[in-house]
Structures are given as structure tokens and as C-alpha cells.
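The structure appears below as C-alpha cells.
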Amino acid sequence: MAQLIRIQEIADYEGAEVTIQGWLYHRTDKGKLQFLQVRDGTGFVQCVVFKQEVTPEVFAAAQSLTQESSLVISGTVRKDARAPGVPGGYEIGVTDLKVIQLAQDYPIQPKEHGVEFLMDHRHLWVRSQLQWAVLRVRATVVRAIRDWLDSHGFINMDTPILTPAACEGTTTLFATDYFGEPAYLTQSGQLYNEANIYAFGRVYCFGPTFRAEKSKTRRHLTEFWMVEPEAAFCDLDQLMEIEEQFVSYIVQTCLRERAKELELLGRDTSALEKVVPPFPRISYDEALEILRRIREQTTDEELKALLAITWGDDFGSPHETELTKQFDKPVFVYGYPARAKAFYMEPWPGRPEISKSVDLLAPEGYGEITGGSERISDPDLLLQRLDEWGLPREAFTWYIDLRKYGSVPHAGFGLGVERTVTWICGIDHLREAIPFPRMLKRVYP
RNA sequence: UCCUCGGUAGCUCAACAGGCAGAGCGGCCGGCUGUUAACCGGUUGGCUGUAGGUUCGAGUCCUACCCGAGGAGCCA
Numbered sequence: 005m006a007q008l009i010r011i012q013e014i015a016d017y018e019g020a021e022v023t024i025q026g027w028l029y030h031r032t033d034k035g036k037l038q039f040l041q042v043r044d045g046t047g048f049v050q051c052v053v054f055k056q057e058v059t060p061e062v063f064a065a066a067q068s069l070t071q072e073s074s075l076v077i078s079g080t081v082r083k084d085a086r087a088p089g090v091p092g093g094y095e096i097g098v099t100d101l102k103v104i105q106l107a108q109d110y111p112i113q114p115k116e117h118g119v120e121f122l123m124d125h126r127h128l129w130v131r132s133q134l135q136w137a138v139l140r141v142r143a144t145v146v147r148a149i150r151d152w153l154d155s156h157g158f159i160n161m162d163t164p165i166l167t168p169a170a171c172e173g174t175t176t177l178f179a180t181d182y183f184g185e186p187a188y189l190t191q192s193g194q195l196y197n198e199a200n201i202y203a204f205g206r207v208y209c210f211g212p213t214f215r216a217e218k219s220k221t222r223r224h225l226t227e228f229w230m231v232e233p234e235a236a237f238c239d240l241d242q243l244m245e246i247e248e249q250f251v252s253y254i255v256q257t258c259l260r261e262r263a264k265e266l267e268l269l270g271r272d273t274s275a276l277e278k279v280v281p282p283f284p285r286i287s288y289d290e291a292l293e294i295l296r297r298i299r300e301q302t303t304d305e306e307l308k309a310l311l312a313i314t315w316g317d318d319f320g321s322p323h324e325t326e327l328t329k330q331f332d333k334p335v336f337v338y339g340y341p342a343r344a345k346a347f348y349m350e351p352w353p354g355r356p357e358i359s360k361s362v363d364l365l366a367p368e369g370y371g372e373i374t375g376g377s378e379r380i381s382d383p384d385l386l387l388q389r390l391d392e393w394g395l396p397r398e399a400f401t402w403y404i405d406l407r408k409y410g411s412v413p414h415a416g417f418g419l420g421v422e423r424t425v426t427w428i429c430g431i432d433h434l435r436e437a438i439p440f441p442r443m444l445k446r447v448y449p
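With our numbering, the residue at position 134 of the first sequence is 138, and numbering never jumps.
Right under this line is the structure:
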């Protein structure tokens, strides 16, 4: 009696009679010999059908199989270095095969397709090997995020998705009708987590977040996932230590547990192996100096124009990309000009024009994956900032309260899941790092 | 919102200077005992994004619009 197994555990069944349930990924017909590439969600395996080893009915059934037909297949597991697949190196010598459904005209072929076509068929595209690999890495990233935080004193505290007001401006918020009043889809759970730390010390929220930005680039989604840790009694230096430990753990976990997927994606893992603490730290001022040098040395006039920047401006993508090329690890850039950042950031001691903020830029040109800061803890300073930014005090009554009842230095950051997955996988577009991306002009399927 | 590129068969793309709209893949039929997006032979397949214009003649030139991609800005 053949045992029902999953492809990912096939190496444990060498020589055994097994059954797998899955779908036909690809078929090569050699006449009296057929090679079936079968996937079951956990992996891909080659199944070999010899005409003389099966009944005529089984052989004909194998010949009738179309791409993505569902099937139950039985046979003997044998080791064979020629066998492709994930994990690969093993194949099944087929003895029996049952067709569940013959798929009709599956649209995606194992060849190059255009972006629009693939996005229109995202519900099917996720079955393709590379997409499957990326999304498996994503699942591991998500689990590593929770593992690290849960085991380092952070408690999960989810924050609302429907919110009454903007935390950083309203133009990029999705508005909804909340029983006749406007409510907005969240851009960040940070302000709520600043309340939660006074109950739990260290917290994190983890969920989807929404930005109605009309961004049309490979680095933007309108709906993306963000994890936002926040810690009481934490300053900017301590925050950077948390971030580098956290990010390193995520990367190393993927290297350990998703080696096959990263190999399938053609990822140069030696670049990821270098992602261990400590990460280099440079100030905004030092970053400007580096950019100035790059600008002087380049002969590329277009790049020179893109890299133009004056003190006080936030970095754009070209700046981040060029900066990260200078390092082989993620790099912290701290101390951004206060006016380029949000109202709640603690000013730098003795230099009020600078904030205690820090972004973490991923190497190889991937750019910003986290943004964080130490928050203002003094109630009077917070009131002053709200006024300066033209924000109504009434809307922030509860937030101001937090500075009145046992205020402490505290800090936090947000890490973008899709950007992290994109970087780890070495792919070039965020849309492949989430099962069903939401982008400007894309809400289907 | 701005800049650049693109839209031709189910898919990926050709089509010279305006002159019969083609190939590969897929599908279908046949052949092949080690294929890795197999290979070989046959076959199927078109409102050239939309509307208008120029011309004896438009996939090709002109105008407007629609859709997509990449980038800028903004950001994780």
C-alpha cells in the first residue's frame, strides 16, 4: 500500500511506494517514455512513465494530461541526479495514475510573458515556480519577524485599520465612509503603539497598511504589509541595535530554511551571508558628503542631475541607491533634517534642526526597508510641534495624554515586508513579493 | 501630475523607404526509452488598442483619445 506523502519530504522515502496529490506542471513526451513534472504545493518532482511498466490505460491517461491537470500519482521513489525539481534529485517511477480533472487551455506557458498578461492572471501565476519560491520566502520572512520579536520581549498588539485622522498628512490616505463620517485606512499603527508601550513595555503591530500615493515604480504598492515595533525606555542607539539584530535574524533564517527557493531564484546568497551585526552607521551629513563625492566622480550627466541635493532635503530613490552601493551590508542613515521628517520625532540634542531619526537602507541598490525614530517625550515640545505643523490639538488629545502620565524616552520603527522580501529574493519588483498586489491602476484579480 | 518607451494570432515578437500580415511557442494530428521551456514532420490560428484624417493604397504617416511599462516626485 503506497503511502501518501508531500513532495518536500520525498528524500525520506527512497525506495518506497508513495502516492502524491497534485497538478501537472509540465510534460515531455518521448514516445514510450513520458516525463511528468508534478507539483503539490510543497515542491516539484519528476515522475517517469515507461510504457512497459504501466497498464495501457495508465499510459494513455498520462498522455492525455494537459498543463495544470489535477492528479493522484503513485510509484517508487528513486534517487537520480538528473531529476529536476524542488528539492530535486529524486524521481518517481510511476505505477499508477488517476486524473482528477483535465485542465483546458491553461494560459500561462513555461516561457517569457509580458507583465500585464501575468498580472491579469495573477491567480494562476502564483502557481509558477519562481512566484511560488518568492512567496515561500515571504512566509518565512513573516514567521521570522514574529519569532524574533516574540522572543525578545515584544508583544503583538494590533492597531486599528480604520482611523479617524492622518498621522502624517491626508493626501495619501484612502478615505472611507464611516457611518456618515470620514474614516481612513491606516498608514501606520505607530501612534497607537506609543500608547501600548505604556501598558506592555515593548510591542509591535503587524498588518496591512495603505498609501494612496500615485507612485508608479517598482518600489511601491498601495497596500503593503508593515511590522512596527515600538519600545519604551529606548533611545536611537538602542533602536539601531534592535534593528540590526532583527533584520539579520530575518535574513539568516531565510538563508537557512529557504536555500532551495533562493537557489531557484538565482539569488547570490553570499551577499546575504554578510548581513550580520553590526551594520555601518552614517549620519545624514556624512551621507551628503558621500553623495557629493559620487557626483563629482561620475561622468554620467543624468546621474549627476538625479543626485543633486541640498541640505535639508530628504533622499530620493537615486540617492539611496547610490549610497547603498558603497556598502556590502545594510547601512543606517541617521539624523535627518527635522523638516524632512514627521512632527513626532525627538530633536537632536544641541542641534534642533536635526531629528533623532534613522532609516535602514538595504544593499545592492534595494534602498529603504525600515524607517524609525526616537519620539518626542516632552509634552510641551509635542504641543509646539503640533502647532508648527498646523495639526489640530483636539485630534491628538489622547496622544498628548501619553506625555502627561509617566512619559519616557521611547523609539520605534517600521519594516516593509515586501521590500524586505524583494531584497532577500533578489527580484526587481515589489509586485511579486505579495500574492495579490494592489498598485496604482491594479485592483484585479 | 510630469518625462520616456510601448500596444500586430491565446502567448512572445517580426514586417525594409507606405505596396499580398509572418515566425516561434501553445493547441490539434503523427514519430521518438532520459527529457530539463526536448526534438522532428504536419496542421490550426488576425476587427494590427479606439476614433478620425492623408493617400491609388496605411500595421507603417498625421491628430485626438484609451490602455500598459519604466522613471521622477512621495514613501516602507
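Don't be surprised by glycine CBs; every beta carbon is placed ideally from N, CA and C. Predicted model, so just to flag it, every value in this text is computed and none were measured.
Considering only the beta carbon of each residue, do Leu-310 and Arg-299 sit closer than 7 angstroms? no
Provide the residue span of the alpha helix (DSSP H) that contains Lys-264, from first to last. 263-268
Close beta carbons around Leu-390, own chain, < 7 angstroms, minus the five adjacent residues each side: Phe-347, Arg-397, Phe-400
Between which residues of its own chain and Arg-423 is the CB-CB distance below 6 angstroms, once the five residues before and five after are set aside? Ile-373
For Asn-200, is the classification buried or exposed, using 16 other Cβ atoms within 10 angstroms of its Cβ as the cut-off for buried? buried
In the DSSP assignment, the beta strand (DSSP E) including Ala-187 goes from what residue to what residue? 185-189
Taking the alpha-carbon positions, what's the Ser-381 to Phe-48 distance? 54 angstroms
Just curious, the beta strand (DSSP E) that Glu-378 is in, first and last residue? 371-379
Tell me which same chain residues have a C-beta within less than 6 angstroms of the C-beta of Leu-276, skipping the five on either side of it? Val-255, Leu-259
In three-state terms, what does DSSP make of Ile-438? coil
Round the Cβ separation of Leu-177 and Ala-216 to the nearest angstrom and send it over; I've been treating them as touching at under 8 angstroms. 6 angstroms
Is Gln-38 near Val-22, with beta carbons less than 7 angstroms apart? no
What residues match up with Glu-232 in a beta bridge as DSSP calls it? Cys-209
Contact between the segment 262-270 and the segment 219-231 is defined here as three or more beta-carbon pairs at a separation below 8 angstroms; is this criterion met? no
Nearest-angstrom Cβ-Cβ length linking Gly-376 and Asn-197, presumed shorter than 8 angstroms: Not confirmed; about 12 angstroms, so no contact.
If you run the structure through DSSP and keep just helix, strand and coil, what is Lys-345? coil
Rounded to the nearest angstrom, how far is the Cβ of Lys-83 from that of Gly-93, given a contact under 8 angstroms? 6 angstroms
Residues near Thr-426 by beta carbon distance below 6 angstroms, same chain, minus five either side: Leu-434, Ala-437
Where does Asp-405 land, buried or exposed, given buried means 16+ other C-beta within 10 angstroms? exposed
Compute the distance between the beta-carbons of Arg-126 and Phe-440, then report whether it is under 7 angstroms. yes
Could you check the C-alpha separation between Ile-9 and Ile-24 for me, to the nearest Å? 6 angstroms
Among Leu-75, Arg-285, Asp-16, the one whose alpha carbon lies nearest that of Phe-331: Arg-285
Status (buried if at least 16 other CB within 10 Å, exposed otherwise) for Lys-329: exposed
Cα-Cα separation between Gly-430 and Ala-366, rounded to whole angstroms: 11 angstroms
Beta-carbon proximity of Tyr-288 to Tyr-370, cut-off 7 angstroms: no
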